[in-house]
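Colleague: In our numbering, the protein residues as written are 39 to 187. C-beta: ideal position from N, C-alpha, C; glycine also.
1. Do you know offhand how far residue 186's Cα is from residue 64's?
2. Alpha helix (DSSP H) containing residue 96: first to last residue?
3. Judging by CA-CA distance, which residue of 100, 120, 76 and 123 is the nearest neighbour of residue 136?
4. Tell me, please, which residues DSSP counts as bridged to residue 136.
5. On a Cα-Cα basis, can you pick out the residue from 144, 101, 67 and 62 that is closest to residue 122?
6. Just to confirm, is the Cβ distance from residue 120 to residue 95 under 8 Å?
7. Would you call the CB atoms of residue 105 and residue 87 closer than 8 Å?
8. Going by DSSP, name the residue or residues bridged to residue 106.
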């Protein structure tokens, strides 16, 4: 009988203890992709005109070496009256405008992978049934030998 009780307590405590195994892994990846583009193109600049209107009587009043000057944008008109000669000058600054266009694109890629695995040993219900069967078998053999509890 002592042996049966001892056997009973050992199986009971073995059944109550469960073992667990937990595995966890983690992987993380970061990357950055940068794309740059530069484009250059010419731009049309509108024309400039300088218009100068002077009455003929005022030209004769102009002192020697003096000038009438009109400027508009890049165009300049100049009139000089020197002695008995009329000088007309017209200039226009030629400009070529370049337009620079810069585009930049940044793309960030982020990936994360996580794995988790948990394993448990046999469930307590299965242990209970195994214990019950073992108890009945031991009881049967004990009863058969003539040893009752």
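Modeller: According to the structure shown:
1. Low confidence applies to residue 186: its pLDDT is 48, below 50, so where it sits in the model is not reliable, and the reading given next is rough at best. Between the C-alpha atoms of residue 186 and residue 64 there is a straight-line separation of about 59 Å.
2. Here the alpha helix (DSSP H) through residue 96 covers 94-99.
3. Scanning 100, 120, 76 and 123 for the CA closest to the CA of residue 136 turns up 76.
4. Looking at the DSSP assignment, residue 136 forms a beta bridge with 80.
5. Shortest Cα-Cα distance from residue 122 to any of 144, 101, 67 and 62 involves 101.
6. No, the Cβ-Cβ distance between residue 120 and residue 95 is not below 8 Å.
7. Taking 8 Å as the Cβ cut-off, residue 105 and residue 87 do not qualify as a contacting pair.
8. By DSSP's assignment, residue 106 forms a beta bridge with 117.
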